[in-house]
Each structure stands twice: as structure tokens, then as C-alpha cells.
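The number in our numbering is simply the position in the sequence shown, starting from 1, with 16 added. Yeah, the Cβ is synthetic: ideal placement off N, Cα and C, and Gly gets one too. It should be emphasised that the depicted structure is a prediction, and the values quoted were computed from it without experimental measurement.
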Amino acid sequence: MTGARDNQTNSRDPHEVSRIGVVLVAAGRGERLGAGKPKAFVELGGRTLVEHCISTVTSLPAGGHLVIVVPEQLADETLREVAGATAPGGNWEISVTPGGRERHESVKFGVDALPEYVDVALVHDAARPLTPATLFERVAAEVRRTGNAVIPALPVVDTLKRVGDDSIVHETVDRAPLVAVQTPQGFPRELLAAAHDRLGTGSLGGAASQPTDDAEVVQRAGGTVRTVPGEALAHKLTSPGDLTLLEALLAATNRDAR
Ligand code: C5P
């Protein structure tokens, strides 16, 4: 990957094993938000979404390597944010890498930038800035326990309808087996890397549409994907209304912490 910039904040024993790698994807344009800047660099409570995520990830006691995947023109700004956002006393290496046109390309660039010692890879959307550290730990623990891909999931609470282009409802969909899926999504690193390599070479075949999450990439490659309970705080910023909701969630979180 050309233009990759690394900011090694800690050195690590290359013989150490069993370390987490987090790929923080923040290279989207965020057009649906209409903020005039990439979504991951929008501020929430005085800090960008990327800064919120850096703080959370670097607070994880296990330590590991965090790759932040950003639009190329924001790589230097991201490196400057790293120092201020990193949790004190952590054991994390951090690097910054330019992203791709599609989300799955950004993930692949991030996975390719992980050091060899990483055995569990977590992929997280910067668009979910309030995701608690406990969710990262829950997902990573289940990957280690099972050797499968693991995704956070919440039950669907609304009634679901299948609707035609003419706005006419065709049927009510049984919601019992359906879940809404979040990030971080966790994988044995080799499983994720191999699945993204196959997607990149076009050898996964099948579905015509682009995968919208990494679990789908791994599943298309034949991997097993299981769920753990998700978190309401992992809400994703997509439209301006989500920003209002996230501000309220942040205020409630800060109140609880006092
Ligand atoms: O656009 P969407 O909300 O689905 O993006 C989810 C996450 O993927 C965001 O954090 C966004 O920055 C990231 N992304 C990326 N590279 C892209 C597209 C999206 O890193 N080309």
C-alpha cells in the first residue's frame, strides 16, 4: 500500500503471541450525514469519532496493534489526534493507513497492515464512537473460545414489512430469527485475511452485491459466524438524527461516570 504512514508508539517483542489487532475503518465519505467532512472526523462532545474510538481501544488492558484506516488527505491529522486520544498507560502500537473506495477495500488495507503477532483481528466502524470497551472484550473472548467469526447482535424490535417500489406492503416478515448486527466484528486473523484476499481476487463468486460487513465476506468464504449480545451504545452514526441520539447517549454516559 503506497502512502502508508506508521506511528509506532511502543515497541513489542516479536516473539509474543496471542495479541489483538484492531482495524478501525474511518475512510468513508459519509455523504448521507452531509457534514461537509468525512463522517469519522465529525465531532461528538468536542472529540472526533476517531478520537473516541482510539480512547476506547487503547484502554483495553490486553494491548495489541490498532490500525486506523483514513482518507489519505487526513492521515497527518489522524496521527496528530493519536497522541491526545490514547489512553494513558496502555500497551498499544498504533499505525495509520489510507483507505479504499469501498469499505471492504479499507478493511483489507487495514488487515494487511496488521503485524504478524496478531492472532485475533477485530474490525470496527469509527461511525460507532460510543461502543464500550466491554464489547471489544466480549467479541475477542468468544473468537478465542470458539475459533469462529463473532459479531455483536441485537434483537429486532420493530415489526418488519416487505415493501415494493410502489410503497405497497407485500407481507410482514417474521422477525424472530432476525438480528441487527454491529461492530466490532472479531475473527481469527488468518480467516479474515484469507477471506478478504479471495474477495479481492474475485474468487468468492456467488452474490452480485458488495458485502456490507466482514462477517459476510468470511461466510462467503465458508467460515462459521456466531453472535454475542450487542450494545445499544454501539449505535452507528448515519444521518443527522443519529448525531442527536449519540449526543444524548454521551451525556448519559458521562453522568453515569460521575
Ligand atoms: O458508510 P458506512 O456508514 O456504512 O461506513 C461504515 C464505516 O466504514 C465507517 O466508519 C466508514 O468510515 C468506513 N468506511 C471506510 N472506507 C470506505 C467506506 C466506509 O473506511 N470506503
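Residue i: CB within 6 Å of a non-hydrogen atom of the ligand C5P
i: Ser225; result: no
i: Asp141; result: yes
i: Ser122; result: yes
i: Val85; result: yes
i: Ala43; result: yes
i: Gly115; result: yes
i: Leu196; result: For clarity, residue 196 is Ala in the given sequence; the question names Leu instead. Outside the cutoff, so no.
i: Ala129; result: no
i: Ala56; result: yes
Heavy atom of the ligand ATP within 6 Å of residue i beta-carbon
i: Glu118; result: Ligands present in the displayed structure are limited to the ligand C5P, and the ligand ATP is not among them.
Residue i vs residue j beta-carbon contact at 7 Å
i: Val134; j: Arg35; result: yes
i: Ala43; j: Val85; result: yes
i: Val197; j: Ala165; result: no
i: Gly202; j: Val155; result: yes
i: Val139; j: Val159; result: no
i: Leu253; j: Arg236; result: no
i: Gly54; j: Arg48; result: Strictly speaking, residue 54 in this sequence is Pro, with Gly absent from that position. No; because the gap between Cβ atoms is not below 7 Å, this pair is not in contact.
i: Ile167; j: Ala231; result: yes
i: Val172; j: Leu194; result: yes
i: Gly61; j: Leu266; result: yes
i: Pro256; j: His120; result: no
i: Val41; j: Ser122; result: yes
i: Ser71; j: Ala101; result: yes
i: Pro148; j: Leu262; result: no
i: Val189; j: Leu207; result: no
i: Glu88; j: Pro114; result: yes
Residue i, enclosing beta strand (DSSP E) - first and last residue
i: Phe203; result: 201-204
i: Leu40; result: 35-41
i: Ala48; result: It should be pointed out that residue 48 corresponds to Arg in this sequence rather than to Ala. Segment: none, Arg48 is in no beta strand (DSSP E) and carries neither H nor E.
i: Pro227; result: No beta strand (DSSP E) contains Pro227, which DSSP labels as neither H nor E.
i: Thr243; result: 241-245
Range covered by the alpha helix (DSSP H) that runs through residue i
i: Arg236; result: 230-236
i: Thr260; result: 256-273
| said: Extract the residue ranges of the beta strand (DSSP E) inside the stretch 55-132, only unbroken runs of 3 or more that lie entirely within it. | reply: 80-86, 108-114
| task | Evaluate the contact criterion for the stretch 132-147 versus the stretch 52-67: three or more CB pairs, one atom per stretch, below 8 Å. | result | yes
| Inside the stretch 130-215 only - beta strand (DSSP E) runs reaching at least 3 residues | 134-141, 165-171, 176-179, 185-189, 195-197, 201-204
| message | Pairs of beta-carbons, one from the stretch 116-127 and one from the stretch 77-95, closer than 8 Å: are there three or more? | response | yes
| query | Is it true that the stretch 199-215 meets the stretch 237-250, where meeting means three or more beta-carbon pairs spaced less than 8 Å apart? | reply | yes
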